[in-house]
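Data first, discussion second: the structure below is written as structure tokens.
Structure (structure tokens):
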């Protein structure tokens, strides 16, 4: 049971991202139970029952771990935290005797809410940036996808991991050696071979101490599998020199540079 | 061409939900003299019904390897038939009960309604609207790039190109020999992504554009319509408290975060993904339905049926929706039955949980 408790608490911390909203929610439940007769049975009791049903090691061990597993933390969304906190704040603001007191309470509680959690858009994971296209995807991906389908109806490409996840969202006509979803990759064409090279970022010519990556082998492989293009991040210097020497020596042909990505043809 | 796309988008995204939602709200016999509330509920329920229809027809089609075209055609026919039947029934019902369907001086009534609100609340109302628009602005004019979208947006794009559903790999475009092994079972049982493919076909716009630029604005607006209705239930038609409630909901949404895992964070960052759409639209709606059910004397059976439709819509969105709808409605509705000692309603509670049971079983079976 202790192991179940520890596992459950791991998901709990993951689900609430370390903010204090769950504690605030419990305080609000107690406050409403004491002060608001109408909400006591309408909101507080069922919310409490749901919370207990969801967050306890016994239910976790025998129900949640067996049925929903990894997605357990997502069930915390079902807890009525937002309405409970908002209703409590409204009740507190209604205690103000005049409009100025009410404004002050609104500001105070907004500040309190901010201290319980944190401003959402400030994190890199939740940040928004200016949109340059209707797809709402990085502009290099849109430009390169447009370029590829302009050149060929069904281009077959192997693209750097920083592009691979976007290209098919724009033009599904593009066939890829591998795509990417979240932290993993799906890869039915080329095995883990290319993914292992590209996930580390720009061109790498070795896979570790023992394994030497062979671009000649890669070129031959891409020829056999009828790939058309190889797309890799390219520095300005490489672009000026019309491609990376290692790749050119292996048989790839440099075509152009689009938004910092070099496009190489695989033609023999 | 663009004008035609806009007309098609208005028809599919605005007219169709209202076409389904208005008669249902009429039949429920609520908000008859409160047009804004009626509009909000009609719009919300209209979308809910379209999601439920998509779920009911798409899962058997997907499991039987049918084409996207068959899904689009069947959906269009069912929506038309359902809409006509519901509207005809609502018309007959309103004639029988002498219900006024139209109200004169619509805008004047809204203004008069808000004139009764104390002056100090107006500033809070403006604050709430600004905060809501601030959040909408992020969805409409800025971008958040999410790694998971390779799968979420790759699948509908594949479907439109190949006229299939979940038969090609999202990342590579390669045909999948055995998708029961190579695909996630939740995609087959909760095919939310196929909605973008369907809308892409109906509107004529790329599915990624629909998912990233059009639907977030609508889904987030639905969310706040639901909170508006919820506030009205909580505070028994007190407009001032409802406005403050909305303001505080906006504040909580903007601050209930730490990273990307909370309900507010997924709602504000990646609403186009099924699980986030569930957190944003279905969870507040379930709370609203529960509040209506636990409030004054209402036609309880109608709310249970709506609960079942909500459950079905939740199952359509995500695997977590399959469990989440049952998890919420089970305890909350059960508590309502127990506290009011309406034991006959236990039958309806089982009806409400049917989608969870069916799609949960299918999920487990495929897995």
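Chains as they are written, first to last, in our numbering: chain A, 684 to 951; chain B, 103 to 469. Beta carbons: idealized from backbone N, C-alpha and C, even for Gly.
- The beta-carbon distance between residue 274 of chain B and residue 859 of chain A, rounded to whole angstroms, is 5 Å. This is short enough to meet the 8 Å contact definition.
- Distance from residue 792 of chain A to residue 775 of chain A at the Cβ level is roughly 6 Å; contact confirmed, criterion being Cβ atoms closer than 8 Å.
- Between the C-alpha atoms of residue 229 of chain B and residue 787 of chain A there is a straight-line separation of about 14 Å.
- Within a 10 Å sphere around the beta-carbon of residue 769 of chain A sit 16 or more other beta-carbons, which makes this residue buried.
- Taking C-beta separations shorter than 7 Å and ignoring five residues to either side along the sequence, residue 812 of chain A has no partners in its chain.
- Residues of the stretch 344-370 of chain B with a C-beta less than 8 Å from any C-beta of chain A: 346, 347, 349, 350, 351, 353, 354, 355, 356, 357, 358, 359, 360, 361, 362, 363, 364, 365, 366, 367, 368 and 370, listed in chain order.
- Counting along the chain, the unbroken beta strand (DSSP E) around residue 939 of chain A starts and ends at 936-941.
- Taking 7 Å as the upper bound on Cβ-Cβ separation, chain A lies near residues 310, 311, 314 and 315 of the stretch 310-321 of chain B.
- Three or more Cβ pairs closer than 8 Å define a contact, and the stretch 256-270 of chain B meets that threshold against the stretch 291-298 of chain B.
- According to DSSP, residue 277 of chain B shares a beta bridge with B:270.
- Shortest Cα-Cα distance from residue 690 of chain A to any of A:719, A:703 and A:749 involves A:749.
- At a cut-off of 7 Å, the C-beta of residue 923 of chain A has no neighbouring C-beta in chain B.
- For a Cβ distance threshold of 8 Å, residue set 220, 221 and 222 of chain B lies close to residue 782 of chain A, ordered along the chain.
- The C-beta of residue 725 of chain A comes closer than 7 Å to at least one C-beta of chain B.
- Counted as a single uninterrupted DSSP element, the alpha helix (DSSP H) harbouring residue 708 of chain A occupies residues 704-718.
- As DSSP reads the structure, residue 912 of chain A sits in a beta bridge with A:840 and A:948.
- Taking C-alpha positions only, residue 815 of chain A is separated from residue 401 of chain B by approximately 50 Å.
- Runs of the alpha helix (DSSP H) spanning 4 or more residues and lying entirely within the stretch 317-388 of chain B occur at 317-336, 341-357, 365-371 and 376-379, in chain order.
- In this structure residue 851 of chain A touches residue 272 of chain B by the C-beta definition: roughly 7 Å separates them, less than 8 Å.
- Burial is judged here by how many other beta carbons sit within 10 angstroms of a residue's own beta carbon; residue 462 of chain B has at least 16 and is buried.
- Non-local C-beta neighbours of residue 312 of chain B in its own chain, meaning closer than 8 Å and more than five positions away in sequence, comprise 298, 301, 302 and 305, ordered along the chain.
- Distances from the CA of residue 161 of chain B to each of B:287, B:147 and B:329 were compared; the closest alpha carbon is that of B:287.
- Here residue 702 of chain A is buried: its Cβ has 16 or more other Cβ atoms, across all protein chains shown, within 10 Å.
- Proximity of residue 717 of chain A to chain B, defined by a Cβ-Cβ separation below 7 Å, is not satisfied.
- No Cβ of chain A is located within less than 7 Å of the beta carbon of residue 412 of chain B.
- The DSSP-derived three-state label of residue 126 of chain B is helix.
- Taking one beta carbon from each stretch, the stretch 367-385 of chain B and the stretch 712-722 of chain A have fewer than 3 pairs nearer than 8 Å; the two do not touch.
- Around the beta-carbon of residue 197 of chain B, fewer than 16 other beta-carbon atoms lie within 10 Å, marking it exposed.
- Counting of Cβ neighbours within 10 angstroms places residue 784 of chain A among the exposed residues, the total staying below 16.
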